[in-house]
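The sequence shown begins at 9 in my numbering and counts up one residue at a time.
Everything below concerns the one structure shown next.
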Amino acid sequence: AYDATPFLPGRGGLEAYARAAGGCEGCPLFREASGTVFGRGDPHARMMLVGEQPGDQEDREGVAFVGPAGRLLSRALGEAGIDEDGLYVTNAVKHFKFTRDETRKRRIHKTPTVRETLACRPWLTAELRLVRPELVVVLGATAGRSLLGPSFRVGTDRGVPRPLPDGNGAVRVLATVHPSAVLRARDREEMYAGLVADLRTAADAL
Ligand code: URA
Numbered sequence: 009a010y011d012a013t014p015f016l017p018g019r020g021g022l023e024a025y026a027r028a029a030g031g032c033e034g035c036p037l038f039r040e041a042s043g044t045v046f047g048r049g050d051p052h053a054r055m056m057l058v059g060e061q062p063g064d065q066e067d068r069e070g071v072a073f074v075g076p077a078g079r080l081l082s083r084a085l086g087e088a089g090i091d092e093d094g095l096y097v098t099n100a101v102k103h104f105k106f107t108r109d110e111t112r113k114r115r116i117h118k119t120p121t122v123r124e125t126l127a128c129r130p131w132l133t134a135e136l137r138l139v140r141p142e143l144v145v146v147l148g149a150t151a152g153r154s155l156l157g158p159s160f161r162v163g164t165d166r167g168v169p170r171p172l173p174d175g176n177g178a179v180r181v182l183a184t185v186h187p188s189a190v191l192r193a194r195d196r197e198e199m200y201a202g203l204v205a206d207l208r209t210a211a212d213a214l
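Put into structure tokens, the structure is as follows:
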């Protein structure tokens with residue numbers, strides 16, 4: 009089975025984990041991606057944001073949420089009154105999954121499978137254990153399924169803080185839409201407003 013566990017360091021802090029994640033071969037995604045994109049931000053953040061996987065730009069720069077989705081997220085966080093410097097941001101899957109278009113010029117995002125998401129989960133679990141946030145904001149279905157199980161649906165589960173399963177009651181999760189989904193949406197304004205509203209709820213929940 010795909011599994012990142014053998015690549016996790018048995019000890020150390022976030023930096024040790026980030027370094028080790030650079031060599032992860034727990035699923036096949038490492039073969040095509042430029043490199044691992046680990047989480048970033050305040051190692052003692054009270055709020056952790058979890059996206060799906062790095063995009064094209066994140067893959068090239070090795071930094072989470074620096075592309076179009078990241079810029080939209082930054083704007084939404086600002087409108088919700090959340091200081092980005094105090095956050096830890098990461099992804100459910102740490103390698104970019106993509107296909108190439110016919111010309112092989114563009115790399116097109118592909119949604120990671122459940123197997124790949126589960127394989128990568130030990131890294132996310134380690135980040136949760138090391139950062140110890142009070143609130144985890146789940147961005148979209150992939151992160152939702154990783155942390156809340158296969159029955160997670162953004163449509164029904166968003167906007168309300170709830171206890172994180174296995175979080176000993178101390179950690180809460182609030183789900184919302186993924187910023188990339190906002191960028192693709194036909195009703196972009198409305199979906200963006202929903203993202204900002206959920207982020208406000210998250211800020212109030214702290
Ligand atoms: N989308 C994500 O889910 N994560 C990123 O880092 C960038 C885009």
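Positions of the beta carbon are idealized from the N, C-alpha and C atoms, including for glycine.
Item                                                                                                               : Value
Residue closest to Gly49, alpha-carbon to alpha-carbon, out of Pro141, Thr111, Asp174, Val185                      : Pro141
Under 8 Å between C-beta atoms of Arg129 and Ser159                                                                : no
Bridge-paired residues (DSSP) for Gly49                                                                            : Tyr96
Cβ-based burial, Val139 [other Cβ within 10 Å; buried from 16]                                                     : buried
Contact test: Ala41 Cβ vs the ligand URA heavy atom, cutoff 7 Å                                                    : no
Nearest to Ala189 (by Cα), restricted to the options Leu203, Val179, Arg180                                        : Leu203
Lys118 burial status per 10 Å Cβ neighbour count (16 or more: buried)                                              : exposed
Nonlocal neighbours in the same chain, by C-beta distance under 8 Å from Ile90, ignoring five residues either side : Met55, Leu207, Ala210, Ala211
Backbone secondary structure at Pro120 - three-state DSSP                                                          : coil
8 Å Cβ shell around Leu95 - same chain, five flanking residues per side excluded                                   : Gly49, Asp50, Ala53, Met55, Met56, Leu57, Leu85
Cβ contact (3+ pairs, closer than 8 Å) linking the stretch 27 to 38 and the stretch 74 to 81                       : no
Residue span of the alpha helix (DSSP H) that contains Arg192, given as start and end                              : 187 to 192
N-terminal and C-terminal residue of the alpha helix (DSSP H) that Gly86 is part of                                : 76 to 87
As assigned by DSSP and simplified to three states, the class of Pro130                                            : helix
Best match in Val185, Glu23, Arg123, Arg137 for proximity to Ala9 [C-alpha to C-alpha]                             : Arg123
Segment limits, beta strand (DSSP E) that includes Val183                                                          : Per the sequence shown, the amino acid found at residue 183 is Ala instead of Val. Ala183 -> beta strand (DSSP E) spans 180 to 184.
7 Å CB neighbourhood of Leu81 in its chain, flanking five on each side removed                                     : Phe73, Pro187
Cβ pair Gly70, Gly47 closer than 8 Å                                                                               : no
Segments of 3+ residues assigned as beta strand (DSSP E) that fall wholly inside the stretch 136 to 172            : 143 to 147
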